[in-house]
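Below: one structure, written as structure tokens.
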Amino acid sequence: MLKFSRDVQVKSPRQESLPRLSWAMCTRKTRLIRGFSLIELVVVIGIVMILIGLMAPSLGRAMSQAKLTRDVALVRQHAATIAMYAGDYKEAHPYPYDLTGHLYRVAGDWALPMIESGHFENVAEVDPYTLDGRLFSYMMSIAMVYNADEMRPGYVPLAIHQKSNTTRAFQVLFPSSKGLLVRESNGLAPSEGGTGFCCAWPWIAPIAFSDGSAGSGTYVDFNEEMPLLLDEGIGMPVISTWFGVRGRDR
């Protein structure tokens, strides 16, 4: 019978075949691991820039669409607030003041009486793009502050003689087709990339209608691709619709 001493260690064949790694060997192998070379880094950066360039247009369109959706929701809310105002003032549309020869100014200041009445808290609530003190970029249709009889082809007086006057909600013959509010400009100066609803710019603007609905489009979408016919500022779709409160924009 064979006897083994306590000092003898029996090793398996697997253990004997494994090399012993010293700390020096581990350190030496670690030093062999290198980082990116300059050329590889430039190639990676180039690929990233190409991908960003490919994605930028899509991101830009997505951001523009999100902004337009937000603006459409805002004009829809404003249309509802105008309806509340009209209900409190015998169906009258908001009317800031009497003025002759400046219909665009009267329609552009549509929110002032609503701020005074408490239907809006301040200018920023009406138009977040006027925080720098500029005019409202949202404009009420001139049809709501002008005599419809003088918005007929052949009956339009000179602009200097056009006198504003209030109209009432029940006078709108086609509420679902008559534009009430439009974001007439993007609130920027021309040198800063300013654009507007008319006439040469294909700018998609948010629009609210007299029935409280809202949508978006360019002025061409509401002009049925017909030649734009203006007479003393009258005839622009939504902004100064032919036949005023009796007219249609869609």
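Add 9 to the 1-based position in the sequence shown for our numbering, that's all there is to it.
Built from N, CA and C at the ideal position, the CB exists for glycine as well.
State the Cα-Cα distance for the pair residue i and residue j, rounded to the nearest angstrom.
{"i": "residue 83", "j": "residue 242", "result": "27 Å"}
{"i": "residue 257", "j": "residue 51", "result": "59 Å"}
{"i": "residue 231", "j": "residue 255", "result": "16 Å"}
{"i": "residue 159", "j": "residue 246", "result": "16 Å"}
{"i": "residue 179", "j": "residue 205", "result": "30 Å"}
{"i": "residue 151", "j": "residue 237", "result": "17 Å"}
{"i": "residue 212", "j": "residue 59", "result": "29 Å"}
{"i": "residue 163", "j": "residue 93", "result": "35 Å"}
{"i": "residue 79", "j": "residue 85", "result": "10 Å"}
{"i": "residue 156", "j": "residue 77", "result": "32 Å"}
{"i": "residue 1", "j": "residue 128", "result": "Missing from the structure shown is residue 1; the chain here goes from 10 to 259 and no further."}
{"i": "residue 71", "j": "residue 194", "result": "20 Å"}
{"i": "residue 149", "j": "residue 66", "result": "33 Å"}
{"i": "residue 251", "j": "residue 161", "result": "6 Å"}
{"i": "residue 133", "j": "residue 61", "result": "35 Å"}
{"i": "residue 253", "j": "residue 224", "result": "20 Å"}
{"i": "residue 74", "j": "residue 192", "result": "15 Å"}
{"i": "residue 95", "j": "residue 63", "result": "50 Å"}
{"i": "residue 259", "j": "residue 97", "result": "28 Å"}
What does residue i pair with, by DSSP beta-bridge criteria?
{"i": "residue 192", "result": "147"}
{"i": "residue 215", "result": "225"}
{"i": "residue 243", "result": "240"}
{"i": "residue 205", "result": "194"}
{"i": "residue 259", "result": "Partner(s): none; residue 259 has no beta bridge."}
{"i": "residue 172", "result": "109"}
{"i": "residue 177", "result": "101"}
Who are the Cβ neighbours of residue i in its own chain at under 8 Å, not counting the five residues just before and after it?
{"i": "residue 154", "result": "102, 104, 112, 115, 116, 119, 173, 174, 175 and 176"}
{"i": "residue 130", "result": "124"}
{"i": "residue 166", "result": "159 and 241"}
{"i": "residue 146", "result": "136, 138, 139, 192, 193, 194, 195 and 196"}
Using a 10 Å radius around the Cβ and a threshold of 16 neighbouring Cβ atoms, would you call residue i buried or exposed?
{"i": "residue 170", "result": "exposed"}
{"i": "residue 135", "result": "buried"}
{"i": "residue 216", "result": "buried"}
{"i": "residue 126", "result": "exposed"}
{"i": "residue 46", "result": "exposed"}
{"i": "residue 214", "result": "buried"}
{"i": "residue 207", "result": "buried"}
{"i": "residue 106", "result": "exposed"}
{"i": "residue 57", "result": "exposed"}
{"i": "residue 226", "result": "buried"}
{"i": "residue 48", "result": "exposed"}
Can you list, in chain order, the residues of its chain with a C-beta nearer than 6 Å to that of residue i? Leave out the 5 residues immediately preceding and following it.
{"i": "residue 219", "result": "181, 184, 187 and 189"}
{"i": "residue 90", "result": "128"}
{"i": "residue 228", "result": "206, 207 and 246"}
Compare the C-beta of residue i with all C-beta atoms of chain C and state if any pair is closer than 8 Å.
{"i": "residue 159", "result": "Of the protein chains in this structure there is only one, and it is not chain C."}
Among the residues of its own chain, which have a CB less than 7 Å from the CB of residue i, if the five just before and after it don't count?
{"i": "residue 168", "result": "110, 241 and 242"}
Which complete beta strand (DSSP E) runs does the stretch 77 to 152 hold, if anything under 3 residues is left out?
Correct list: 147 to 149.
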